[in-house]
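Peer 1: In this text, residue positions in the sequence shown follow the UniProt record's numbering: the first is 1, and each later residue adds one. Even glycine gets a Cβ: it sits at the ideal position worked out from N, Cα and C. Just so it is clear, the structure is predicted and the values come from calculations on it, not from any experiment.
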Amino acid sequence: MARLRLNLFIVLFVIIGGLLLLFFSYPIAVLLLVGSSGLEEALRVRSFELALLVTIITSTIAAVASVIFGVPLAYIMSRYNFRGKSLVESLIDLPIAIPHIIVGVMIVLAFSWYVGLGPIFHRLHINVVDTILGAAMAVTYVSATYSVRVVESAISMLDPELELTAMSLGASRARTFISVVLPKIKRSIAGGALTSWARAASEAGALFIVAYEVYLGKSLVYPAPVAIYEAYVGIGIIEAAKFSAAMLVVVLGIFVLARILLEARRGSRAGLGAQA
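And the structure:
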């Protein structure tokens, strides 16, 4: 990476880029300023604690699903050319383009008792609407793309000769993936899963349709973004700001802590490599 040298061109770009960063950070600062006075109170509201728990659970399910299903897909997309690949590429990116309210409608329809897979789910007594399962499916749909793309990019940067060499020495394709590819992309997998987790935690639109309320044990609970919307509609912007600040602190806290741990692990490995 080139070292930053100040000249008129770079100064101009720093100013322009800084304006975008200001646009990102200013609303956050205002939210925390306005909501901070009620932050502790919000985190003590039992219904909101449960709402945060629902959001963390469903987001974690989405992150795990993005790894289980996304890593194999990313590997195939990065290593092979095949007929219809451009269509598959489009399908991977499609969830980003579909309005998330429509995602909610699609999932409700796709698993209704009278359509498609719905009758099978109905016979098995598996409910999607207003359940943790439905909420997890909705947030996975809108977030898994990010994990797939991060991992796909990481695999694409690996030299295929490493795999060919391992296979020439007798390793199977599966063993080559596990022993050669996987160790080199573990950090990217973790980073992609974390990005998917954050995107899933922020989802609201699809949840309005699929899981406006869900059962957590015997309690009927709003997911956190829906709870904030209810506070805004029912009481007002200041009440919504209080709960928004609380969610922001919790979600950003988890996200930043995970990022720090990833970077620390990377740094420690780099240090061990240098010593060796």
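Counting C-beta neighbours from all protein chains within 10 Å, is the total for Gly104 16 or more, i.e. buried, or is it exposed?
Peer 2: What you label residue 104 is simply residue 104 of the sequence shown in a count that begins at 1. It is buried - the Cβ of Gly104 has at least 16 other Cβ atoms within 10 Å.
Peer 1: Given a cut-off of 8 Å on the beta-carbon distance, is the pair Leu207 and Ala138 in contact?
Peer 2: Along the sequence shown, read from residue 1 onward, the residue named residue 207 stands at position 207. Along the sequence shown, read from residue 1 onward, the residue named residue 138 stands at position 138. Result yes, Cβ atoms of Leu207 and Ala138 sit closer than 8 Å.
Peer 1: Since Leu32 and Met247 should fall inside the 8 Å C-beta cutoff, what is the C-beta to C-beta distance between them, to a whole number of angstroms?
Peer 2: Position 32 of the sequence shown, counted from the start, is the residue given in the question as residue 32. Position 247 of the sequence shown, counted from the start, is the residue given in the question as residue 247. Contact doesn't hold; Cβ gap of about 12 Å is too wide.
Peer 1: I need the DSSP call for Ile28, collapsed to helix, strand or coil.
Peer 2: As a position in the sequence shown, residue 28 is number 28, starting the count at 1. Here Ile28 sits in helix by DSSP.
Peer 1: Are the beta-carbon atoms of Val142 and His100 separated by less than 8 Å?
Peer 2: Your numbering for residue 142 matches position 142 in the sequence shown. Your numbering for residue 100 matches position 100 in the sequence shown. Yes, the pair counts as a contact, with Cβ atoms nearer than the cut-off.
Peer 1: Give the DSSP-derived three-state secondary structure of Ser90 in the structure shown.
Peer 2: Numbered from 1 along the sequence shown, position 90 holds the residue referred to as residue 90. Correct three-state label for Ser90: helix.
Peer 1: Over the uninterrupted alpha helix (DSSP H) stretch that includes Ser219, give me the two end residues.
Peer 2: Locating residue 219 in the sequence shown gives position 219, where the first residue counts as 1. Not the alpha helix (DSSP H): Ser219 falls in the beta strand (DSSP E), residues 219-221.
Peer 1: I'd like the list of long-range same chain contacts for Glu203, defined as Cβ closer than 6 Å, with 5 residues on each side in sequence excluded.
Peer 2: Here residue 203 refers to the residue found at position 203 of the sequence shown. Once the five neighbours on either side are set aside, the close Cβ partners of Glu203 are Val139, Val142.
Peer 1: Which runs of the alpha helix (DSSP H) spanning at least 4 residues fall entirely within the region 81-161, listed in chain order?
Peer 2: Counting whole runs of 4 or more residues, the region 81-161 contains the alpha helix (DSSP H) stretches 85-97, 100-110, 118-123, 132-156.
Peer 1: Closest by CA to Thr58, which one among Leu91, Glu213, Glu163, Tyr232?
Peer 2: As a working note, residue 58 is residue 58 in the sequence shown. Of the listed residues, the one whose Cα sits closest to Thr58 is Glu213.
Peer 1: Which residues in the same chain have their Cβ closer than 6 Å to the Cβ of Ile260, if we skip the five residues on either side of it in sequence?
Peer 2: As a working note, residue 260 is residue 260 in the sequence shown. Counting only Cβ-Cβ distances below 6 Å, and skipping sequence neighbours, we find nothing.
Peer 1: Is it true that the CB of Ile61 sits closer than 8 Å to the CB of Ala136?
Peer 2: Counting from 1 along the sequence shown, the entry for residue 136 is found at position 136. Counting from 1 along the sequence shown, the entry for residue 61 is found at position 61. In this structure, Ile61 lies closer than 8 Å to Ala136 by Cβ.
Peer 1: Mind checking which residues open and close the beta strand (DSSP E) that includes Tyr215?
Peer 2: Locating residue 215 in the sequence shown gives position 215, where the first residue counts as 1. Where Tyr215 is concerned, the enclosing beta strand (DSSP E) stretches over 214-216.
Peer 1: So what's Glu263 in DSSP terms, helix, strand or just coil?
Peer 2: If you number the sequence shown from 1, residue 263 lands on position 263. DSSP places Glu263 in helix when its eight states are reduced to three.
Peer 1: Check whether chain D comes within 8 Å of Val11, counting only Cβ atoms and requiring the distance to be less than that.
Peer 2: Of the protein chains in this structure there is only one, and it is not chain D.
Peer 1: Would you mind stating whether Tyr146 and Thr176 have Cβ atoms separated by less than 8 Å?
Peer 2: Locating residue 146 in the sequence shown gives position 146, where the first residue counts as 1. Locating residue 176 in the sequence shown gives position 176, where the first residue counts as 1. No, Cβ-Cβ distance for Tyr146 and Thr176 is not below 8 Å.
Peer 1: In angstroms, rounded to a whole number, what distance separates the CA positions of Phe13 and Phe23?
Peer 2: By 1-based counting over the sequence shown, the position of residue 13 is 13. By 1-based counting over the sequence shown, the position of residue 23 is 23. Roughly 15 Å between the two C-alpha positions.
Peer 1: Taking only the alpha-carbon atoms, compute the straight-line gap between Gly84 and Val115 and give it to the nearest angstrom.
Peer 2: Here residue 84 is taken as the residue at index 84 of the sequence shown, counted from 1. Here residue 115 is taken as the residue at index 115 of the sequence shown, counted from 1. For Gly84 and Val115, the distance between alpha carbons rounds to 27 Å.
Peer 1: Can you tell which of Ala240, Gly205, Gly170 has its C-alpha closest to the C-alpha of Glu41?
Peer 2: Along the sequence shown, one-based indexing puts residue 41 at 41. With distances taken between Cα atoms, Glu41 lies closest to Ala240.
Peer 1: Give every residue of the same chain whose Cβ lies closer than 6 Å to the Cβ of Ser78, excluding the five residues on either side of it in the sequence, and list them in chain order.
Peer 2: As a first step, residue 78 must be located in the sequence shown, where it is residue number 78. Cβ within range, chain order: Glu152, Ile155, Ser156.
Peer 1: I'd like the span of the alpha helix (DSSP H) that includes Glu41, first residue to last.
Peer 2: Locating residue 41 in the sequence shown gives position 41, counting from the first residue. Taken as a continuous stretch (DSSP letters only), the alpha helix (DSSP H) holding Glu41 covers 39-43.
Peer 1: When you compare each of Ala198, Ile185, Pro223, Gly170 to Pro72 by their alpha carbons, which one comes out closest?
Peer 2: Your numbering for residue 72 matches position 72 in the sequence shown. Closest option to Pro72, Cα to Cα, is Ile185.
Peer 1: Hey, how far is the Cα of Ala110 from the Cα of Val30?
Peer 2: As a first step, residue 110 is located in the sequence shown; it is residue number 110 there, counting from the start. As a first step, residue 30 is located in the sequence shown; it is residue number 30 there, counting from the start. About 40 Å.
Peer 1: Determine the direct distance from the alpha carbon of Phe69 to that of Glu161, and round the result to whole angstroms.
Peer 2: Sequence index remark: in the sequence shown, residue 161 carries index 161 (1-based). Sequence index remark: in the sequence shown, residue 69 carries index 69 (1-based). The alpha-carbon atoms of Glu161 and Phe69 are separated by roughly 25 Å.
Peer 1: Taking just the CA atoms, how far does Leu133 sit from Met167?
Peer 2: Sequence index remark: in the sequence shown, residue 167 carries index 167 (1-based). Sequence index remark: in the sequence shown, residue 133 carries index 133 (1-based). Using only the alpha carbons, I get a separation of about 40 Å.
Peer 1: Kindly list the residues whose CB is nearer than 8 Å to the CB of Tyr215, restricted to its own chain and excluding five residues on each side of it in sequence; keep chain order.
Peer 2: Residue 215 sits at position 215 when you count from the first residue of the sequence shown. The residues are Asp130, Thr131, Ile132, Val221.
Peer 1: Out of Val64, Tyr26, Leu8, point me to the one whose CA is closest to Ala200's CA.
Peer 2: On the sequence shown, residue 200 is found 200 positions in, with the first residue counted as 1. With distances taken between Cα atoms, Ala200 lies closest to Val64.
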